[in-house]
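In this note's numbering, the protein residues as written are 13 to 657. Below is one structure, written out as structure tokens; the observations come after it.
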């Protein structure tokens, strides 16, 4: 017997994202102790994502006791992002002078609320800039796998050998313009409006005479990866008490990855604005129009020709600069070799006369990692580590009645950081002087977890469930910020790091069902609904505090209306979550240059998404997907100060 399968798919998505980000909190220089935002970043972001995938599979079954398959998978994801940004700050002091950071000089009366928190006011100074930038990313993944399955007596053997290769290329180019406000030079905030107001009353952002060329940025990144993996698994029926089947296996894998990049930031202040061929007034003036009332700049001069920005040679030659090559000093090499063996057994017995099934097993994994990179401060760093983990698991299902099931799962798991979290690639935003850098010294996350679930089947297509879970986590990944000087400029650099022990516990209830007893076309209707309550805590990167784990909301809910009938399928989903911690950022709580971490909280929000698909033929399906149809605005705050982020 011989079989062949070919599958191809294509997806294209366009999006727009509007952003207002208020800068780090800083204490006023008047000695009042009041804290206000240090600046504002505004941006229009337009993007498109194009995903193409193809897979082929060949299957050969020479007899009833053996089978062979050859699989090939190819995926390519391209994304293009255009950003038009504006940054402004009332910051009067020199950014490069750390001793002066955090000083905001009031220009007139400052309004505060009953708790002494800043509401509105004006400050001397208005350092402003605009930018046009493009970011293009191209990811390719190819995988080839050969697998076999054999019957040996009453036992079954399976083996799989696979090789995966991937590449990731990123191109980023930005031209930044400086601009200024006319006298009297000041910058005003009013946080009492629904959309926080922030503007310079005397700025003329549509006047070319108020602009000059400032910076040219060119970033390139190229990542490559490959992995070879082999596994052998065996199953054998046994008759040993509650044990019915014995499973055992081994897995070996060798994964390598590397990253190379170049990050350049060049001064172009010596060039006239007229020498830049692509400067113009933004054709958009509706930034955050759905976010409520508020006074912010919505239109400014910037580089608007994104085709020119994507021509590295044209942009660089305009400013008498060359297109730089990837810098060997900005490289990262990673290798991970793992060997795992496991043994497990299927269980089938009774408990108090009730059917009890499940499985129990243990996996031992030895992993050796090697990482090499050049530190930001200079100098080569090579790290090597070998560790062994024993990972037991137990899964049980108790049939209380034919329609009522109880499940219990206990396990210990290990999760290793992603490559993008490990690579020390540096991403900088020159406008608001922030950046992100991975951490090559990140360790894995370990968790011991238990889940208990009760399921009740109202019918073959309807069920309700309730679940309780608990996780004891060590080494969870959190984000922190530090102040770092790069090329003479001070940046707030965000990086991931391992936290200390934490815990997660919670409850979940839900329903899933189709109303197939309804007449006619209505029988395709269905509903999914769930609600989750989570309590989590771990030592915060801010000394002396305990905080929820990053990214976990205390409450969340999902409601999905479904329709499946014949060739047509549709989903309309409402997803809601309560407040959650997104990390910590620096603040300037005093006028002496001292910085401190403050947590950042994303306020709760809900979104509506939709999905439609239709099978034109049994082998061809088209789909349409829409996200955030309600145009929900997500808002975050600096938790300690009550200031919007």
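Note that CB positions come from ideal geometry on N, CA and C, so glycine has one too. Every value quoted in this text rests on a predicted model; they were computed, and no experiment measured them.
Just list the residues that DSSP pairs residue 592 with in beta bridges. For residue 592, which the question treats as bridged, DSSP gives the partners 614.
DSSP three-state assignment for residue 326, whether helix, strand or coil: In the structure shown, residue 326 falls within a helical segment according to DSSP collapsed to helix, strand and coil.
Residue 342 to residue 21, Cα distance in whole Å? Residue 21 has its alpha-carbon roughly 36 Å from the corresponding atom of residue 342.
State buried or exposed for residue 114, treating a residue as buried only when at least 16 other CB atoms are found within 10 Å of its CB. Confidence is the limiting factor: at residue 114 the pLDDT is only 49, short of 50, which leaves the residue's position unreliable and the question unanswerable from this model.
Identify whether residue 283 lies in helix, strand or coil by the three-state DSSP scheme. The answer is coil: DSSP assigns residue 283 none of H, G, I, E or B.
For the alpha helix (DSSP H) that contains residue 321, what are its first and last residues? In the DSSP assignment, residue 321 falls within the unbroken alpha helix (DSSP H) covering 318–321.
First and last residue of the beta strand (DSSP E) that includes residue 401? Taken as a continuous stretch (DSSP letters only), the beta strand (DSSP E) holding residue 401 covers 392–413.
Between residue 200 and residue 288, what straight-line distance do the alpha-carbon atoms span, to the nearest angstrom? Those two C-alpha atoms are separated by around 31 Å.
From residue 470 to residue 367, what distance separates their C-alpha atoms? Spanning the two alpha carbons is a distance of roughly 20 Å.
Per DSSP, residue 626 is paired with what? Residue pairing by DSSP puts residue 626 in a beta bridge opposite 580, 634.
Tell me whether residue 631 is buried or exposed, calling it buried when 16 or more other Cβ atoms sit within 10 Å of its Cβ. By the Cβ neighbour-count rule, residue 631 is exposed, with fewer than 16 other Cβ atoms within 10 Å of its own.
Using a Cβ-Cβ cut-off of 6 Å (strictly less than) and excluding sequence neighbours within five positions of residue 459, which residues of its own chain qualify? Around residue 459: 425, 483, 485.
Using DSSP bridges, identify the partner residues of residue 277. Paired residues: 229.
Distance CB(residue 291)-CB(residue 318) smaller than 8 Å: No, they are not a contact pair.
heavy atom of the ligand MN below 7 Å from residue 153 C-beta: The ligand MN is absent from the structure shown, which contains no ligands of any kind.
Nearest residue (CA-CA) to residue 294, options 59, 567, 612, 95: Of the candidates 59, 567, 612, 95, 95 places its Cα closest to the Cα of residue 294.
Pick from 52, 83, 64, 127 that is closest to residue 17, judged by C-alpha positions: The closest CA to that of residue 17, considering only 52, 83, 64, 127, is found on 83.
Unbroken alpha helix (DSSP H) run spanning residue 84, endpoints: Element bounds for residue 84: not the alpha helix (DSSP H) but the beta strand (DSSP E), 78–101.
Alpha carbon to alpha carbon, how far is residue 180 from residue 58? Give it in angstroms, no decimals. Cα-Cα distance, rounded: 21 Å.
To the nearest whole angstrom, what separates the beta carbons of residue 584 and residue 536, a pair I think is in contact under 8 Å? The Cβ separation is near 13 Å, so there is no contact.
When the distance is taken between beta carbons, is residue 192 closer than 8 Å to residue 140? Cβ atoms of residue 140 and residue 192: closer than 8 Å.
What is the DSSP secondary structure of residue 474, reduced to helix, strand or coil? In this structure, residue 474 counts as strand in the three-state DSSP scheme.
Helix, strand or coil, according to DSSP, for residue 433 in the structure here? DSSP places residue 433 in helix when its eight states are reduced to three.
State the start and end residues of the unbroken beta strand (DSSP E) segment that holds residue 531. DSSP places residue 531 outside any beta strand (DSSP E), giving it a letter other than H or E.
Measuring CB to CB, does residue 154 end up less than 8 Å from residue 86? In contact: residue 154 and residue 86 (Cβ atoms closer than 8 Å).
Might you give, ordered along the chain, the residues of its own chain that have their beta carbon closer than 7 Å to the beta carbon of residue 646, omitting 5 neighbours on each side? In its chain, beyond the 5 residues on either side, 614, 617 have a beta carbon closer than 7 Å to the beta carbon of residue 646.
Would you kindly report the start and end of the unbroken beta strand (DSSP E) that includes residue 360? Counted as a single uninterrupted DSSP element, the beta strand (DSSP E) harbouring residue 360 occupies residues 339–363.
If we count Cβ pairs, one from each stretch, closer than 8 Å, do we get three or more for the stretch 345–356 versus the stretch 250–268? With a cut-off of 8 Å, the stretch 250–268 and the stretch 345–356 count as touching, because enough Cβ pairs lie within range.
What residues in its chain sit with their C-beta under 6 Å from that of residue 52, if we drop five residues either side in the sequence? Correct list, in chain order: 34, 100, 210.
My assumption, with CB atoms under 8 Å, is that residue 371 sits in contact with residue 407. Please give the rounded CB distance. Indeed, because the Cβ distance is near 5 Å, the residues count as touching under 8 Å.
DSSP three-state call for residue 111: helix, strand or coil? Below a pLDDT of 50, predicted positions are generally treated as unreliable, and residue 111, at 43, falls in that range; no measurement from the model is reported.
Per DSSP, what are the beta-bridge partners of residue 209 in this structure? Answer is 202, bridged to residue 209.
For residue 566, name the three-state secondary structure that DSSP assigns. When DSSP states are grouped into helix, strand and coil, residue 566 belongs to the coil group.
Excluding the 5 residues preceding and the 5 following residue 403 in the sequence, name in chain order all residues of the same chain whose CB lies nearer than 6 Å to its CB. So the qualifying residues of the chain are 375, 424.
Counting C-beta neighbours from all protein chains within 10 Å, is the total for residue 9 16 or more, i.e. buried, or is it exposed? Because the chain is modelled from 13 through 657, residue 9 falls outside the range shown and cannot be assessed.
I'd like the list of long-range same chain contacts for residue 223, defined as Cβ closer than 6 Å, with 5 residues on each side in sequence excluded. These residues qualify, in order along the chain: 189, 191, 285, 313.
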